[in-house]
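Colleague: Counting from 131, one number per residue, gives the positions in the sequence shown under this note's numbering. Okay, here's the structure, questions in a sec.
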Amino acid sequence: MTRGASRLSMRVLDRVAVTKPRVSKPLRLIPAPLRIGRVAVAARLRRHGLGRRLMEAALLFCRENYPGLQVMLTAQAHLVPFYRGFGFAPTGEPFDDFGLTHVDMELRPRD
Ligand SMILES: CC(C)(COP(=O)(O)OP(=O)(O)OC[C@H]1O[C@@H](n2cnc3c(N)ncnc32)[C@H](O)[C@@H]1OP(=O)(O)O)[C@@H](O)C(=O)NCCC(=O)NCCS
131 MTRGASRLSM RVLDRVAVTK PRVSKPLRLI PAPLRIGRVA VAARLRRHGL GRRLMEAALL
191 FCRENYPGLQ VMLTAQAHLV PFYRGFGFAP TGEPFDDFGL THVDMELRPR D
């Protein structure tokens, strides 16, 4: 990870009210074009809404700092509904990446 991307990760993390996170870089944001990756919540903290809050903070960061820039990500297939909930839509067919099915997605403006 570049130093710039690492700084972005921590700035996003600062916006999520997680106390003493064990994961130091729970999400990676690469600018121009914006690409969200490495979204992760520590296993013992999953299914408590932190992943959703992490994504909301990342997208707010994108809107505030890179207004109008396209936001993309590559989703594991079983998480497509999760990312759809934020307005992302698939841009291609599912593909295999190291044994896991993934789907490229981009953020589409809401009506
Ligand atoms: C994906 C991940 C970040 C979600 O974090 P989380 O804190 O558990 O997510 P939330 O509690 O905010 O869940 C929000 C929604 O995400 C979806 N979701 C979360 N985990 C899911 C899973 N394993 N399978 C399918 N949907 C899932 C659900 O719709 C969930 O809503 P619900 O709890 O009302 O059903 C977390 O499971 C993780 O770190 N996984 C390992 C790393 C990974 O696979 N990253 C994604 C790469 S694309």
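No residue lacks a Cβ here, since even glycine has one placed at the ideal position from N, Cα and C. Keep in mind that this is a model prediction, so the values were computed, not measured.
1) Between which two residues does the alpha helix (DSSP H) containing residue 210 stretch?
2) Mapping the DSSP letters down to three states, classify residue 191 as helix, strand or coil.
3) Closer than 6 Å: is that where the CB of residue 206 sits relative to any heavy atom of ligand 1?
4) What residue from 210, 206, 167 and 192 has the CA that sits closest to residue 228's CA?
5) Using only alpha-carbon positions, find the residue among 226, 220, 224 and 225 that is nearest to residue 236.
6) Between residue 216 and residue 185, is the Cβ-Cβ spacing less than 7 Å?
7) Taking the DSSP output, what are the residues bridged to residue 235?
8) Using only the heavy atoms of ligand 1, determine whether one of them is closer than 6 Å to the beta carbon of residue 222.
9) Should residue 226 and residue 204 be called a contact, given that it needs their Cβ atoms to be closer than 7 Å?
10) Looking at the secondary structure, which residues open and close the beta strand (DSSP E) in which residue 228 lies?
11) Within the present structure, is the beta-carbon of residue 182 separated from the nearest heavy atom of ligand 1 by less than 6 Å?
Modeller: Walking through what the data contain:
1) 210-214 is the extent of the alpha helix (DSSP H) around residue 210.
2) The answer is helix: DSSP assigns residue 191 an H, G or I state.
3) A heavy atom of ligand 1 is found nearer than 6 Å to the CB of residue 206.
4) Per the Cα distances, 206.
5) When each option's Cα is compared against that of residue 236, the closest is 220.
6) Yes. Within cutoff.
7) Answer by DSSP bridge pairing, in chain order: 203 and 220.
8) No, Cβ of residue 222 sits at least 6 Å from all heavy atoms of ligand 1.
9) The answer is no: Cβ separation not under 7 Å.
10) Neither: residue 228 is in no beta strand (DSSP E) and is coded neither H nor E.
11) It does: the Cβ of residue 182 is within 6 Å (strictly closer) of some heavy atom of ligand 1.
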